[in-house]
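Just so you know, we're using the numbering used here here: the sequence shown kicks off at 25 and counts up by one.
Glycine included, every Cβ here is placed at the ideal spot set by N, Cα and C.
Single-structure report; data block below.
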Amino acid sequence: MVVVDGIDPRTGKGMAIEIADGVIAAIRPVETTATTYLSAGLIDLQVNGFRGFDLNAGAVTPDILLSLCEELLSVGVTTWFPTIITASEASILQALRAIAKSRADHLLVAEMVVGIHVEGPSISEKDGPRGAHPLAHVRPPSIAEFERWQEASGNLVSMVTLAPEHDGSMEYIRGLAARGVLVALGHTAATPEEVYAAAEAGATLSTHLGNGAASMLPRHPNVIWAQLADDRLTASFIADGWHLPADTFKSMLRAKGMERAILVSDMVALAGMPAGLYQQPVGGSVEVSPEGRIGVAGTPYLAGASLPLSANVAIATEMAGIPLADALLLATRNPGRFVGGRGRLEVGARADLIRFEWSQGEREIKVRETWIGGEKAFCK
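And the structure:
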């Protein structure tokens with residue numbers, strides 16, 4: 025039996041969590057002198073890279089996955105989806121095989137990586153909604169190609185982001201949903217009618233809503249209003265202070281409701297790297313600012329997401345004016361519903377936990393310890 029004590033973010037009072045056989049055996053209030061909070065581990069459904077490790081630049085190796093797991097533990101992530109973006113089928117298959125091999129070789133990877141997110145390749149061909157995805161590899165949806173993904177990954181592809189305006193999209197969505205795959209709408213210029221049809225066919229998520237859309241939209245109707253209005257869609261948001269203005273994020277969160285919203289990092293490989301100029305295969309000269317913002321050098325344009333989920337949690341409290349406990353739910357319980365019920369701080373739940381420090385106004389929760397299945401995997 026292991027006992028971990030700290031501050032309950034929901035009450036501000038002390039609590040002790042008893043862990044046995046990898047699960048939470050009991051939670052009880054206690055008097056504590058601890059200055060650290062306790063929470064379920066963070067769950068990130070969209071990670072492209074971190075601290076120099078890249079899942080979308082050339083050949084992915086099993087060791088890259090292990091390194092990413094180790095780095096993510098330090099920022100409190102206990103479950104995550106490696107995210108492979110639009111590329112040739114050969115490139116996607118290579119990455120999927122490497123992820124599957126890493127899970128087979130490394131217990132830590134198998135514990136943390138419970139699914140893969142393929143973002144594309146059936147997204148909008150239009151500049152703007154397509155974002156940084158390469159136009160040359162955008163293509164219509166294909167169940168036959170999806171089946172090849174699953175063969176390569178050992179059936180690990182658990183989430184697919186697509187634009188529902190492609191011919192054949194509704195049949196594709198129905199096929200994925202029937203296979204238990206999460207279908208998300210993103211990087212899309214769909215009409216409201218296409219959004220609603222996709223939800224009817226089985227789509228359940230919106231990927232980084234408010235981004236991956238045209239910079240100029242009709243006042244109404246438009247693709248964002250439709251996704252906000254449809255209660256069948258849970259929306260993910262990047263709450264880093266750069267991808268969405270505070271008033272936009274606050275309004276969107278209110279529209280979706282706390283139960284139908286999640287936070288994602290959407291980090292790229294330059295996230296967590298020192299400030300400076302970097303030459304990238306896509307995007308050319310990219311600048312990481314002292315604050316961590318990643319932008320195309322000499323322009324106002326973003327070149328990727330730079331902050332870990334732990335920072336998104338902290339920044340969300342200020343952007344949306346919500347308590348820490350609510351921001352944590354957006355990064356634990358809510359995404360956990362899509363990964364077998366992980367992310368719950370309750371008796372009987374898997375003991376994925378973090379201990380962290382945070383004060384109002386700080387832009388990141390400072391993770392001090394991380395547990396995976398009741399075992400301490402990171403300590404600072």
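Test item: CB-CB of residue i and residue j under 9 angstroms
{"i": "Ser-239", "j": "Ile-262", "result": "no"}
{"i": "His-190", "j": "Pro-165", "result": "yes"}
{"i": "Phe-77", "j": "Ile-88", "result": "yes"}
{"i": "Leu-120", "j": "Ser-177", "result": "yes"}
{"i": "Ala-227", "j": "Leu-257", "result": "yes"}
{"i": "Gly-73", "j": "Leu-92", "result": "yes"}
{"i": "Thr-110", "j": "Val-162", "result": "yes"}
{"i": "Leu-252", "j": "Lys-280", "result": "yes"}
{"i": "Gly-144", "j": "Leu-180", "result": "no"}
{"i": "Val-84", "j": "Ala-122", "result": "yes"}
{"i": "Ala-221", "j": "Pro-242", "result": "no"}
{"i": "Glu-399", "j": "Gly-46", "result": "yes"}
{"i": "Ala-58", "j": "Gly-30", "result": "yes"}
{"i": "Val-138", "j": "Phe-170", "result": "no"}
{"i": "Gly-410", "j": "Met-343", "result": "In the structure as shown, the chain begins at 25 and stops at 404. Residue 410 is therefore absent and cannot be evaluated."}
{"i": "Ala-299", "j": "Val-320", "result": "no"}
{"i": "Ser-423", "j": "Val-292", "result": "The question about residue 423 has no answer here: the residues shown for the chain are numbered 25 through 404."}
{"i": "Glu-94", "j": "Gly-296", "result": "no"}
{"i": "Asn-336", "j": "Leu-294", "result": "no"}
{"i": "Gly-36", "j": "Thr-56", "result": "no"}
8 angstroms contact criterion, which residue i and residue j should meet: CB distance rounded
{"i": "Ala-64", "j": "Leu-369", "result": "5 angstroms"}
{"i": "His-211", "j": "His-141", "result": "In fact, because the Cβ distance is near 13 angstroms, the residues do not count as touching under 8 angstroms."}
{"i": "Leu-326", "j": "Ile-339", "result": "That pair is no contact at about 15 angstroms."}
{"i": "Gly-322", "j": "Gly-236", "result": "That belief does not hold up - the Cβ atoms of Gly-322 and Gly-236 are roughly 23 angstroms apart, past 8 angstroms."}
{"i": "Arg-379", "j": "Leu-62", "result": "6 angstroms"}
{"i": "Ala-375", "j": "Ile-43", "result": "5 angstroms"}
{"i": "Val-205", "j": "Val-219", "result": "Contact doesn't hold; Cβ gap of about 19 angstroms is too wide."}
{"i": "Ser-334", "j": "Ile-389", "result": "5 angstroms"}
{"i": "Pro-245", "j": "Val-99", "result": "Their Cβ separation, rounded to whole angstroms, is 38 angstroms, which puts Pro-245 and Val-99 out of contact at 8 angstroms."}
{"i": "Val-349", "j": "Arg-34", "result": "First, the residue type needs correcting, since residue 349 is Ala and not Val in the sequence shown. Indeed, because the Cβ distance is near 4 angstroms, the residues count as touching under 8 angstroms."}
{"i": "Asp-254", "j": "Ala-223", "result": "5 angstroms"}
Inter-residue spacing [alpha-carbon to alpha-carbon] between residue i and residue j
{"i": "Ala-213", "j": "Arg-198", "result": "20 angstroms"}
{"i": "Ser-309", "j": "Ala-208", "result": "31 angstroms"}
{"i": "Thr-60", "j": "Pro-314", "result": "27 angstroms"}
{"i": "Gln-174", "j": "Leu-229", "result": "20 angstroms"}
{"i": "Ile-69", "j": "Ala-285", "result": "Checking the displayed sequence, the identity of residue 69 turns out to be Leu instead of Ile. Straight-line Cα distance between these residues: approximately 13 angstroms."}
{"i": "Leu-79", "j": "Val-54", "result": "43 angstroms"}
{"i": "Glu-113", "j": "Leu-377", "result": "37 angstroms"}
{"i": "Ala-250", "j": "Glu-149", "result": "20 angstroms"}
{"i": "Val-371", "j": "Val-101", "result": "20 angstroms"}
{"i": "Leu-117", "j": "Ile-51", "result": "44 angstroms"}
{"i": "Val-247", "j": "Leu-352", "result": "28 angstroms"}
{"i": "Ile-167", "j": "Tyr-196", "result": "6 angstroms"}
{"i": "Thr-103", "j": "Gly-364", "result": "11 angstroms"}
{"i": "Ser-126", "j": "Gly-367", "result": "23 angstroms"}
{"i": "Arg-387", "j": "Arg-75", "result": "18 angstroms"}
{"i": "Arg-361", "j": "Gln-303", "result": "38 angstroms"}
{"i": "Gly-192", "j": "Ile-346", "result": "41 angstroms"}
{"i": "Ala-49", "j": "Val-28", "result": "12 angstroms"}
Residue environment, residue i, which counts as buried when at least 16 other CB atoms sit within 10 Å
{"i": "Val-26", "result": "exposed"}
{"i": "Gly-18", "result": "Outside the modelled stretch of the chain, which goes from 25 to 404, sits residue 18, for which no answer is possible."}
{"i": "Pro-359", "result": "buried"}
{"i": "Leu-159", "result": "exposed"}
{"i": "Pro-153", "result": "buried"}
{"i": "Gly-316", "result": "buried"}
{"i": "Glu-283", "result": "exposed"}
{"i": "Arg-357", "result": "buried"}
{"i": "Ala-128", "result": "exposed"}
{"i": "Ser-182", "result": "buried"}
{"i": "Glu-217", "result": "exposed"}
{"i": "Gly-16", "result": "Nothing about residue 16 can be read from this structure; the chain reaches only from 25 to 404."}
{"i": "Ala-202", "result": "exposed"}
{"i": "Ala-134", "result": "exposed"}
{"i": "Leu-301", "result": "exposed"}
{"i": "Asp-151", "result": "exposed"}
Proximity test, Cβ basis, 9 angstroms: residue i and chain C
{"i": "Val-162", "result": "Of the protein chains in the structure, only one exists, and it is not chain C."}
Check: What runs of the alpha helix (DSSP H), each 4 residues or longer, lie entirely inside the stretch 313-381?
Finding: The qualifying runs are 333-344, 348-353 and 357-360.
Notebook entry, point to check: What beta strand (DSSP E) runs, 3 residues minimum, are completely inside the stretch 86-137?
Noted result: Within the stretch 86-137, the complete beta strand (DSSP E) runs of at least 3 residues are 101-109.
Checklist line | Sequence ranges, alpha helix (DSSP H) only - wholly within the stretch 212-236, length at least 4 | finding: Along the length of the stretch 212-236, whole alpha helix (DSSP H) runs at least 4 residues long occupy 216-225, reported in chain order.
Checklist line | Those runs of the alpha helix (DSSP H) which lie wholly inside the stretch 149-223 and span at least 4 residues | finding: Complete alpha helix (DSSP H) runs here, min 4: 167-177 and 193-202.
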